[in-house]
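Q: The numbering used here puts the first residue of the sequence shown at 312, with every later residue one more than the last.
In this text, a Cβ means the ideal position worked out from N, Cα and C, and glycines have one as well.
The model shown is predicted, which means the values in this text are computed figures rather than measured ones.
If you scroll down you'll find the structure; I have some questions about it.
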Amino acid sequence: MPKLVQGIWPALCTPFDEGLELAPGRVAPLVRHLVDAGSDGFFITGGTGEGRQMSVAERRRMCETVTRDVAGQVPVVFHVGGTTTEDAVLLASEAGALGADAVASVAPANQPNDLAAAVRHYAAIGGVSEVPFYVYWLARDVDGQVSPGQFLEAMDSVPNFAGIKFTDPNFFVFQQLVDLAGGRLNAITGPDEMCVAGFVMGSDGAIGSTYNIMPRMFLRMYDAFRNGRIQEAMALQVQANRVIALLISVGVLAGIKKMLEWRGVPVGPPRPPTARLSAEEEDRLRTGLEALDFDVV
312 MPKLVQGIWP ALCTPFDEGL ELAPGRVAPL VRHLVDAGSD GFFITGGTGE
362 GRQMSVAERR RMCETVTRDV AGQVPVVFHV GGTTTEDAVL LASEAGALGA
412 DAVASVAPAN QPNDLAAAVR HYAAIGGVSE VPFYVYWLAR DVDGQVSPGQ
462 FLEAMDSVPN FAGIKFTDPN FFVFQQLVDL AGGRLNAITG PDEMCVAGFV
512 MGSDGAIGST YNIMPRMFLR MYDAFRNGRI QEAMALQVQA NRVIALLISV
562 GVLAGIKKML EWRGVPVGPP RPPTARLSAE EEDRLRTGLE ALDFDVV
């Protein structure tokens, strides 16, 4: 079976209005902007998509809006985890009807670093889903005593388990997961700043926050890597990382949303507890981008 997640996928920002209410009307311009850039798919209501700050009803609305506006041009993975297992199961049971091509979830919020609890959580989600299920592997949630082999063995009991979105700098563990799975795992990396490294270690695709504002750069990076132009891919990674370092200095999500606004694709501010950019941070971001000769608009 072909692997669903391949290439470069923005972890789509969730648009809000200035009052921090969900703004479905702002989804279509964002989707069009990123599809026109060549994006290979979308991952929605994860960390970048502020899923933990959204109600079940809002996440449902976001999923149906994105899939409607995408209209089958690219696949969509709906992240349903982040709050309770019950909420995740409810959303997963509806995901296929909402138009999602797959679902994903982080480990249970109340029992991180516990593989047995995570497998129960994942099995409950995968068991009700009509579409493939992906684990969203976050470094802070991982049981450090569990080997890649033990993880894969435990996941054999999870219905519809198809792959992992690996957001963790430990690429040795990632490579072991890829190797031990023997090709049956759709392996995806998360750290934008190590995109090329992920492909070197066997990633099928990459899902990232900054792909909202640098999709073409990462698509060129992916193309260069696939076609053996490794030095070109590395040079593009260095360029991207300069922008990422600047975003880290002011606040990544707030910075990405501000940059989209500057590009004429407003998605509103982030919801608390993520802070909006101050006037000083906004000025520092714009000045820094100009110094990097990065196209603000």
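Note the first and the last residue of the continuous beta strand (DSSP E) segment covering L449.
A: Here residue 449 is taken as the residue at index 138 of the sequence shown, counted from 1. F444 to L449 is the extent of the beta strand (DSSP E) around L449.
Q: How about the region 383 to 390 and the region 548 to 565: do they share at least three Cβ pairs that are nearer than 8 Å?
A: no
Q: If you draw a straight line from the C-alpha of V414 to the C-alpha of F444, how long is it?
A: Residue mapping note: residue 414 aligns to position 103 of the sequence shown, counting from 1. Residue mapping note: residue 444 aligns to position 133 of the sequence shown, counting from 1. About 5 Å.
Q: Taking only the alpha-carbon atoms, compute the straight-line gap between V608 and P580 and give it to the nearest angstrom.
A: Position 297 of the sequence shown, counted from the start, is the residue given in the question as residue 608. Position 269 of the sequence shown, counted from the start, is the residue given in the question as residue 580. Summary for V608: the model assigns pLDDT 49, below 50, so the residue's position carries little reliability, and this model does not support an answer.
Q: From the DSSP output, which residues share a beta bridge with I475?
A: Counting from 1 along the sequence shown, the entry for residue 475 is found at position 164. Looking at the DSSP output, I475 shares a beta bridge with V446 and A498.
Q: What are the residues that DSSP puts in a beta bridge with F389?
A: The residue you call residue 389 lines up with position 78 of the sequence shown. Paired residues: I355 and V414.
Q: Evaluate the contact criterion for the region 313 to 324 versus the region 346 to 358: three or more CB pairs, one atom per stretch, below 8 Å.
A: yes
Q: Within the same chain, show all residues whose beta-carbon is closer than 7 Å to that of D412, passing over the 5 residues directly before and after it, in chain order.
A: Locating residue 412 in the sequence shown gives position 101, where the first residue counts as 1. Excluding sequence neighbours, D412 sits near L315, P386, V387, V388 and V442.
Q: Take V335 as the anchor and find which of T325, M466, H344 and D594 has the nearest alpha-carbon.
A: The count along the sequence shown starts at 1 and reaches residue 335 at position 24. The question names Val, but residue 335 is Pro in the sequence shown. Ranking the options by Cα distance to P335, first place goes to T325.
Q: Tell me the rounded alpha-carbon separation between A368 and V563.
A: Along the sequence shown, one-based indexing puts residue 368 at 57. Along the sequence shown, one-based indexing puts residue 563 at 252. Looking at the two C-alpha atoms, the distance is approximately 26 Å.
Q: Check whether the Cβ atoms of A322 and S520 lie closer than 7 Å to each other.
A: Numbered from 1 along the sequence shown, position 11 holds the residue referred to as residue 322. Numbered from 1 along the sequence shown, position 209 holds the residue referred to as residue 520. Cβ atoms of A322 and S520: closer than 7 Å.
Q: Are at least three pairs of beta-carbons, each pair with one atom in the region 513 to 531 and one in the region 420 to 435, less than 8 Å apart?
A: The region 513 to 531, when compared against the region 420 to 435, does not touch it at the 8 Å Cβ threshold.
Q: For P526, report the span of its alpha helix (DSSP H) as first-last.
A: The residue given as residue 526 occupies position 215 in the sequence shown. Segment P526 to R537, the alpha helix (DSSP H) holding P526.
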